[in-house]
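*Asks:* Residues 2 to 107 in my numbering are what the sequence shown lists, from first letter to last.
I have a structure here, written as structure tokens, and I will follow up with some questions on it.
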Amino acid sequence: MADWITVAAVGEIAPGSCKVADVDGVAVAVFNLGGEYFAIEDVCTHDGGELASGELDGDQVICPRHGARFCVRTGDALSAPAYEPTARFPLRIEDGQIQVRDERWD
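Shown next, in the form of structure tokens:
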């Protein structure tokens, strides 16, 4: 079982923004949507570009390279040119810390 990795303290990521953290060698974008936190892989499945610097529109992040939209809550690809979802990661709050883990290879 993968270990939980602390990526930020609660309150460190402002609502409507995100922070990218290394979780076992994977770039993970942790988003704060109105006080709820979500973690997805920081990669556009269209061309491998990063998503974190893209515009946040509600619960969607828009890829800054070609405009594909991804649901921050689920990782689902919502518009072309991306058709495959990006990975979503388990997230928990423990002792005021936001923690994520990558259990895909367990």
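Beta carbons are placed, not taken as given, at the ideal position from N, Cα and C, and that holds for glycine.
Computed from a predicted structure; not experimentally measured.
Is the beta carbon of Cys45 less than 7 Å from the beta carbon of Cys72?
*Replies:* For Cys45 and Cys72, no; Cβs fall outside 7 Å.
*Asks:* State the start and end residues of the unbroken beta strand (DSSP E) segment that holds Thr7.
*Replies:* Its beta strand (DSSP E) spans residues Ile6 to Ala10.
*Asks:* I need the DSSP call for Arg89, collapsed to helix, strand or coil.
*Replies:* It is a strand residue.
*Asks:* Looking at C-alpha atoms only, which residue of Arg70, Ala10 and Arg89 is the closest neighbour of Gly36?
*Replies:* Out of Arg70, Ala10 and Arg89, Ala10 has the C-alpha closest to the C-alpha of Gly36.
*Asks:* Which residue wins for smallest C-alpha separation from Ala88, given the options Asp103, Gln61 and Asp23?
*Replies:* Comparing Cα-Cα distances from Ala88 to each of Asp103, Gln61 and Asp23, the minimum goes to Asp103.
*Asks:* Taking only runs that begin and end inside the region 2-84, name each unbroken beta strand (DSSP E) of 3 or more residues, in chain order.
*Replies:* Listed in chain order, they are 6-10, 19-24, 27-34, 37-42, 61-63 and 70-72.
*Asks:* Name the residue from Ala22, Ile41, Gly49 and Gly17 whose alpha carbon lies nearest to the alpha carbon of Leu34.
*Replies:* Among Ala22, Ile41, Gly49 and Gly17, the Cα nearest to that of Leu34 belongs to Gly17.
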